[in-house]
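A.B. asks: What follows is a structure written as structure tokens; I'll ask about it next.
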């Protein structure tokens with residue numbers, strides 16, 4: 017008999033607290049998704065399969081779906097090519113400066129996609145300040161090569177390389193040195209070891225990374241919007257954005273149907289990812305063995321140079337193009353000593369009230385989301401592990417939906433749920449609270465999963481011992497659960513803050529005057545032709561993200577293991 021069953025009063029108090037927090041979590045995360053599905057299949061208030069069929073049969077829907085699958089699929093291929101090479105070399109060989117390589121490879125994931133798109137367009141094309149300065153710009157009138165499906169595919173691949181790298185690297189680090197040594201004793205050498213030993217053991221990790229990369233690329237809004245809209249190339253997220261901007265009598269029902277369509281594709285991808293993650297359980301237990309460190313010999317220096325050149329190509333050069341554009345008086349002017357100007361920075365950061373509001377809003381929303389999610393997820397994960405009910409198990413299986421769904425889909429779901437609050441004449445649409453609630457739904461799983469994994473490793477005897485001496489529920493949460501799960505919660509909070517700070521996909525459909533976020537400001541400035549100011553704001557965000565990541569990296573040795581999310 018456990019102490020929980022021996023102490024009915026304690027069990028009841030834990031059950032009541034679980035019901036309360038679980039109810040809040042379901043209301044925040046799953047209620048919007050349910051409302052979206054209801055709207056999509058019941059246009060006009062009743063089951064309306066005719067309307068559903070009309071929306072799905074439109075040529076624009078077919079074209080956008082095809083474009084989404086092509087760009088997300090081929091973008092994932094590029095992510096695999098880059099991310100897997102880095103993962104194999106960093107995890108398996110004796111490369112130097114591995115921590116620096118990992119840090120640089122994480123930056124593109126932390127930089128919002130609209131900044132990625134903006135930086136690359138400033139590096140290429142006939143109006144590129146960087147190319148004009150170097151005398152390499154194409155003639156005026158030449159097309160911008162990135163305004164094309166190929167440009168979208170390239171940048172989607174670069175943007176999500178880090179996902180492949182992280183998932184594959186985790187699988188590779190679990191392979192003990194002894195496995196390779198046994199293969200060598202059996203006569204295997206070189207490529208044969210990689211093909212017959214290393215690759216089969218890491219294939220589930222790679223395929224899980226491929227699935228989540230495809231889902232993430234499918235829901236990417238910033239890159240297809242900034243590169244596809246000027247070229248007339250619509251994906252499902254941009255089609256939803258354009259339909260909602262058009263507004264009409266049936267627009268919410270129509271975009272709900274489109275959102276369900278892209279959601280079905282995304283959910284399929286996430287189910288595939290979970291399947292391969294479960295397959296990882298057949299791996300050898302390598303954490304107790306020595307990690308692989310294959311010597312590269314004379315090839316080490318050329319390999320290191322090649323990897324750093326790739327980093328320069330996908331990170332440094334685009335940032336240089338963005339910086340150069342922010343330092344000229346007008347877009348297209350070459351950067352020289354006599355043309356250097358900080359007017360764009362001054363105008364964007366100090367004279368534009370929307371930018372100041374956006375910084376305040378983004379900091380407040382991201383910090384608030386991290387704090388609230390930590391306060392919800394810590395007790396919820398602990399109580400769900402101690403009291404497993406049908407409702408808690410169902411919630412656990414569906415929790416990843418709001419994160420797996422593209423941000424545009426979640427934004428539509430929040431609009432449908434909160435445009436008219438039940439039993440009142442109030443609405444949250446057009447307020448900052450709808451963005452905040454959308455962030456809570458979007459990033460709930462990002463905080464919950466690390467905390468859940470950490471708490472499952474705790475010995476229940478500690479809680480039972482505290483309970484046996486009369487420690488109340490709040491005392492056990494404060495003195496046992498919080499300290500032991502703090503590293504995982506801190507890692508989740510860092511990811512939530514860095515991701516929410518630069519978020520565009522959700523807020524692009526939810527913002528109104530006074531509730532702008534930084535992602536929205538950059539998108540609007542570039543869309544209105546204020547490229548210099550857009551570049552200045554984008555560079556400011558890049559500097560802020562890099563400084564925050566650098567501070568976390570430099571203090572990582574003093575932090576508990578697991579706090580820094582991009583470290584082992």
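Numbering (the working numbering), first residue to last: 17 to 584. For glycine and all other residues, C-beta sits at the position ideal for the given N, C-alpha and C.
(1) Can you tell me the Cα-Cα spacing of residue 75 and residue 250, whole angstroms?
(2) Are the beta-carbon atoms belonging to residue 343 and residue 351 less than 7 Å from one another?
(3) If you measure between the beta carbons of residue 260 and residue 525, is that distance less than 7 Å?
(4) Going by other Cβ atoms of all chains shown within 10 Å of its Cβ, with 16 needed for buried, is residue 36 buried or exposed?
(5) With a cut-off of 8 Å, do at least 3 Cβ pairs link the stretch 238 to 253 to the stretch 121 to 130?
(6) Mapping the DSSP letters down to three states, classify residue 254 as helix, strand or coil.
(7) Under the rule that 16 or more other beta-carbon atoms within 10 Å means buried, what is residue 367, buried or exposed?
(8) Below 8 Å, how does it come out for the stretch 139 to 155 and the stretch 558 to 569: are there three or more Cβ pairs, yes or no?
(9) Whole-angstrom Cβ separation of residue 102 and residue 181, contact assumed at under 8 Å?
(10) Within 10 angstroms of its Cβ, does residue 110 collect 16 or more other Cβ (buried), or is it exposed?
(11) Go through its chain and collect everything with a Cβ distance to residue 55's Cβ below 8 Å, but skip five positions before and after it.
(12) Report all residues from its chain with a CB closer than 8 Å to the CB of residue 356; omit the five preceding and five following residues, and keep chain order.
(13) Report the residue from 321, 236, 326 and 452 whose alpha carbon sits nearest the alpha carbon of residue 85.
(14) By how many angstroms is the C-alpha of residue 438 removed from the C-alpha of residue 362?
(15) With H, G and I counted as helix, E and B as strand and the rest as coil, what does DSSP make of residue 310?
(16) Between which two residues does the alpha helix (DSSP H) containing residue 70 stretch?
(17) What residue from 532, 43 and 162 has the CA that sits closest to residue 376's CA?
(18) For residue 521, which three-state DSSP category applies?
(19) If contacts are defined as beta-carbon pairs under 8 Å, then residue 539 and residue 520 qualify, I think. What distance do you get, rounded to the angstrom?
(20) Consult DSSP for residue 109 and reduce its assignment to one of helix, strand or coil.
(21) So residue 100 and residue 179 are in contact, right, with Cβ under 8 Å, and what is the actual spacing, rounded?
(22) Pick out the complete alpha helix (DSSP H) segments inside the stretch 380 to 456, 4 residues or longer, and give them in chain order.
(23) Do you know whose CA, among 347, 400 and 553, lies nearest residue 370's CA?
(24) Hey, is residue 529 close to the ligand ADP, as in C-beta under 6 Å from one of its heavy atoms?
(25) Under 7 Å, do residue 364 and residue 549 count as touching if we go by C-beta distance?
(26) Return the chain-ordered list of same chain residues with a C-beta closer than 8 Å to the C-beta of residue 312, the five sequence neighbours on each side being excluded.
(27) Only counting the same chain, and skipping five residues up and downstream in sequence, which positions put a Cβ closer than 6 Å to that of residue 177?
(28) Cβ of residue 121 within 7 Å of Cβ of residue 142?
(29) Taking the Cβ atom as the reference point for each residue, do residue 463 and residue 423 lie within a distance shorter than 7 Å?
(30) Do residue 385 and residue 455 count as a contact pair if the criterion is CB distance below 7 Å?
(31) Using DSSP with H/G/I as helix, E/B as strand and the rest coil, what is residue 547?
(32) Taking the alpha carbon of residue 229 as the point to measure from, which residue in 443, 284 and 245 has its own alpha carbon closest?
C.D. replies: Answer, in terms of the structure:
(1) Position 59 of the chain shown, counted from the start, is the residue given in the question as residue 75. Position 234 of the chain shown, counted from the start, is the residue given in the question as residue 250. One C-alpha to the other measures close to 12 Å.
(2) On the chain shown, residue 343 is found 327 positions in, with the first residue counted as 1. On the chain shown, residue 351 is found 335 positions in, with the first residue counted as 1. The answer is yes: Cβ separation under 7 Å.
(3) Numbered from its first residue, the chain shown carries residue 260 at position 244. Numbered from its first residue, the chain shown carries residue 525 at position 509. Closer than 7 Å, so yes.
(4) On the chain shown, residue 36 is found 20 positions in, with the first residue counted as 1. Exposed, by the Cβ-count rule.
(5) yes
(6) As a first step, residue 254 must be located in the chain shown, where it is residue number 238. Residue 254 falls in the helix class under three-state DSSP.
(7) Here the question's residue 367 lines up with position 351 in the chain shown. Counting Cβ neighbours within 10 Å, residue 367 comes out exposed, since fewer than 16 surround it.
(8) no
(9) As a working mapping, residue 102 is identified with position 86 in the chain shown. As a working mapping, residue 181 is identified with position 165 in the chain shown. Sure, about 5 Å apart at Cβ, within 8 Å.
(10) Taking the chain shown and counting its residues from 1, one reaches residue 110 at position 94. So residue 110 counts as exposed.
(11) In the chain shown, residue 55 corresponds to position 39, counting from 1. Correct list, in chain order: 268, 269, 272 and 432.
(12) One-based indexing of the chain shown puts residue 356 at position 340. Closer than 8 Å at Cβ, skipping near neighbours: 343 and 344.
(13) Here the question's residue 85 lines up with position 69 in the chain shown. Nearest option by C-alpha distance: 236.
(14) Locating residue 362 in the chain shown gives position 346, where the first residue counts as 1. Locating residue 438 in the chain shown gives position 422, where the first residue counts as 1. Rounded to the nearest angstrom, the two C-alpha atoms are 45 Å apart.
(15) The residue given as residue 310 occupies position 294 in the chain shown. Correct three-state label for residue 310: strand.
(16) On the chain shown, residue 70 is found 54 positions in, with the first residue counted as 1. Segment 65 to 72, the alpha helix (DSSP H) holding residue 70.
(17) Within the chain shown, numbered from 1, the residue matching residue 376 stands at position 360. For residue 376, the nearest C-alpha among the options comes from 532.
(18) Within the chain shown, the letter at position 505 stands for residue 521. The answer is coil: DSSP assigns residue 521 none of H, G, I, E or B.
(19) Numbered from its first residue, the chain shown carries residue 539 at position 523. Numbered from its first residue, the chain shown carries residue 520 at position 504. The Cβ separation is near 6 Å, so the contact holds.
(20) As a working note, residue 109 is residue 93 in the chain shown. Residue state, collapsed to three classes: strand.
(21) Mapped onto the chain shown, residue 100 falls at position 84. Mapped onto the chain shown, residue 179 falls at position 163. So it is not a contact: roughly 11 Å between Cβ atoms.
(22) 406 to 414, 417 to 420 and 423 to 434
(23) Sequence index remark: in the chain shown, residue 370 carries index 354 (1-based). With distances taken between Cα atoms, residue 370 lies closest to 553.
(24) The ligand ADP is absent from the structure shown, which contains no ligand whatsoever.
(25) As a position in the chain shown, residue 364 is number 348, starting the count at 1. As a position in the chain shown, residue 549 is number 533, starting the count at 1. Going by C-beta atoms, residue 364 is nearer than 7 Å to residue 549.
(26) Position 296 of the chain shown, counted from the first residue, corresponds to residue 312. Around residue 312: 109, 110, 111 and 319.
(27) If you number the chain shown from 1, residue 177 lands on position 161. Result list for residue 177: 95, 98 and 99, in chain order.
(28) Along the chain shown, one-based indexing puts residue 121 at 105. Along the chain shown, one-based indexing puts residue 142 at 126. No, Cβ-Cβ distance for residue 121 and residue 142 is not below 7 Å.
(29) Position 447 of the chain shown, counting from 1, holds the residue named residue 463. Position 407 of the chain shown, counting from 1, holds the residue named residue 423. No.
(30) Within the chain shown, residue 455 is the residue found at index 439, counting from 1. Within the chain shown, residue 385 is the residue found at index 369, counting from 1. Taking 7 Å as the Cβ cut-off, residue 455 and residue 385 qualify as a contacting pair.
(31) By 1-based counting over the chain shown, the position of residue 547 is 531. The answer is helix: DSSP assigns residue 547 an H, G or I state.
(32) Counting from one through the chain shown, the residue named residue 229 turns up at place 213. Measuring from the Cα of residue 229, the nearest candidate turns out to be 284.
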